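To start, the structure itself, in structure tokens.
Now the structure itself:
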């Protein structure tokens, strides 16, 4: 039997079925992070996730990136529900920037997911009454509007309460894997519920949208159980204090490290704001268990070094995080010393490699024992490798396929992998963020584009101001080319002062020549009674030409003309 009906007759009927579903990704396509998507059928919209991403190295002064919500705000009256697949920042971290602008929309998530979202409320001045949060289990069935019914299914990842979805729509079933790997020895003992994918596959899956992060990696992703064993082996040999850094939201890893520390009779100290915050929430909700309470770093008197373990932030080399300050010797309460052991239980996010290497080198210079991947097996990915992707694909047996959650190389390799399956999809596409993907029973294609840009957020936790691309370009120019500031007074006796920062002057009298050019322009402007804006332009363009000729650079030029 054909999965969508009785053979040829069902296919012929499908060709005349003009019902359509739209899928619009606002993030997560061609990138890792900023995951947010909409499914629209007629006048009803289902939203999924609302994450953030971290900036590239050239986005100077930008703390985070969130999806631009213009389309979501415009169509808010059609949104019948918002489902959160899990509590990582790249899936919920963007929501506080959007929620204030939205009406109260039913928002569904598991207990830990909603707990981590609520943990952001104080920082963003949100109240429980501002939102409609509805707790579900990772295997619940929920009804969204008239057209969407969702069967959640648990998938193992690096955080508890992680789910994929079978989305039942009027035109067919969509399997949305969410982030996942198939860990057969998960920290909480709760394995992936693949039976729901298999059941959907037997009935017929119209579309599979699947995690592509590790589509280039052969084999299977190693288990958290193996990482726990590697950390236990290192800790058993450590003679002094042990400092472990990992992602603060990696609850499974934190639990395993706590269990290893307790097995070696070590008390645990938490360092770093985000680590303390997430651990508190996870502990309050019952996802993090420990025999003894955490102790504070200023209350360690009387505890031997070989009885201490520090869990701290800084796995990505962030300058102000706890590990970076320890490596630099600037931490207010803790000083590293010979005999200490540091375990870096994470991989650098692309773009952070140099920062992480600087921290590792600084630790080595302090004669610290450092363990980090891939040299040591102290980290594993939370995402499925090729054999796991093939298994999920084989269970779903979709008619159409979209590789999601990855950079272009990950998505293309996932698409190629699907073409090699015994039952390849009839059609597979890789949309871009903002593409309107129209799905019918017999076709899938991009039919339009909506606004799906990026909001750049500066000064997280302070003003959380949105900045635009011209500001970033100015910062890039300042960092690469420098700045020239020209102060001029247009009077009977004109005067000019030139200041430069980041501009190499050499021994060729550059500063004096710039002053001469500017003074000449001001003097001429006063004589000809030109307005101040025209005098400013008369300074700007000759100065820019001379700088380009003399230095080959293009610094930011800021002339100011005052009337004397």
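In the numbering used here, the protein residues as written are 568 to 1131.
Cβ atoms here follow ideal geometry from the backbone N, Cα and C, with glycine treated the same way.
As the structure is a prediction and not an experimental result, all values here were calculated from the model.
Q | Whole-angstrom distance between residue 968 and residue 1010, CA atom to CA atom | A | 11 Å
(Q) In chain order, what are the residue ranges of uninterrupted beta strand (DSSP E) at least 3 long that sit wholly in the stretch 951-1039? (A) 965-971, 1002-1006, 1011-1016, 1021-1025, 1032-1034
Q. Under the rule that 16 or more other beta-carbon atoms within 10 Å means buried, what is residue 752, buried or exposed?
A. exposed
Q: Name, in chain order, the residues that DSSP records as bridge partners for residue 622.
A: Answer is none; residue 622 lacks a bridge partner.
Q.
I want to know whether the stretch 648-655 touches the stretch 712-732 - three or more CB-CB distances under 8 Å.
A. yes
Q | Environment of residue 881 [buried if 16+ CB atoms lie within 10 Å] | A | buried
Q: Indicate whether residue 782 and residue 973 have their beta-carbon atoms separated by less than 8 Å.
A: yes
Q: Return the bridge partner residues of residue 736 from the DSSP annotation.
A: 739
Q: Give the DSSP-derived three-state secondary structure of residue 802 in the structure shown.
A: helix
Q) Can you give the Cα-Cα distance for residue 926 and residue 915, rounded to whole angstroms? A) 12 Å
**Q.** Endpoints, the beta strand (DSSP E) within which residue 590 is located
**A.** 588-594
Q. How big is the Cα-Cα spacing for residue 960 and residue 870?
A. 52 Å
Q. Where DSSP assigns a beta bridge to residue 1169, which residues make up the other side?
A. The shown model of the chain, from 568 to 1131, leaves out residue 1169, and the question about it has no answer.
Q. First and last residue of the alpha helix (DSSP H) that includes residue 930?
A. 920-932
(Q) Considering just the uninterrupted stretch of the beta strand (DSSP E) at residue 810, what are its terminal residues? (A) 809-812
Q. For the beta strand (DSSP E) that residue 674 lies in, which residues bound it at each end?
A. 673-676
Q.
Can you tell me whether residue 767 is helix, strand or coil according to DSSP?
A. helix
**Q.** the stretch 586-598 contacting the stretch 997-1009, beta-carbon criterion three pairs below 8 Å
**A.** yes
Q) What are the start and end residues of each continuous alpha helix (DSSP H) run of 4 or more residues lying completely inside the stretch 875-901, in chain order? A) 889-895
Q: Please report the residue range of the alpha helix (DSSP H) in which residue 641 lies.
A: 637-641
Q) CA-CA distance, residue 724 and residue 705? A) 12 Å
Q) If you drop the 5 nearest sequence neighbours on each side, which residues of the same chain put their C-beta closer than 7 Å to that of residue 610? A) 645
(Q) Could you check whether the stretch 791-806 touches the stretch 935-954, counting it as contact only if at least three pairs of C-beta atoms, one from each stretch, sit closer than 8 Å? (A) yes
**Q.** Where residue 651 falls: helix, strand or coil (DSSP)
**A.** coil
Q. Nearest-angstrom Cα distance between residue 981 and residue 917?
A. 19 Å
Q. Going by C-alpha distance, which of 985, 1051, 672, 1041 is nearest residue 775?
A. 985
Q. At what residues does the alpha helix (DSSP H) containing residue 1120 begin and finish?
A. Neither: residue 1120 is in no alpha helix (DSSP H) and is coded neither H nor E.
Q.
Here's the rule I'm using: 16 or more other beta-carbon atoms within 10 Å means buried, otherwise exposed. How should residue 1036 be labelled?
A. exposed
**Q.** Beta-carbon contacts of residue 919 that lie in its chain and below 6 Å, excluding the five residues immediately before and after
**A.** 883, 884
Q: Decide if the stretch 711-723 is in contact with the stretch 824-842; the criterion is three or more beta carbon pairs, one per stretch, under 8 Å apart.
A: no
Q) Just how far apart, CA to CA, sit residue 687 and residue 664? A) 10 Å
Q: Output the distance between the C-alpha atoms of residue 888 and residue 895, rounded to the nearest integer angstrom.
A: 11 Å
(Q) Is residue 1118 near the ligand MG - that is, is its Cβ less than 7 Å away from at least one heavy atom of it? (A) Annotation note on the ligand MG: not contained in the displayed structure, which lists no ligands.
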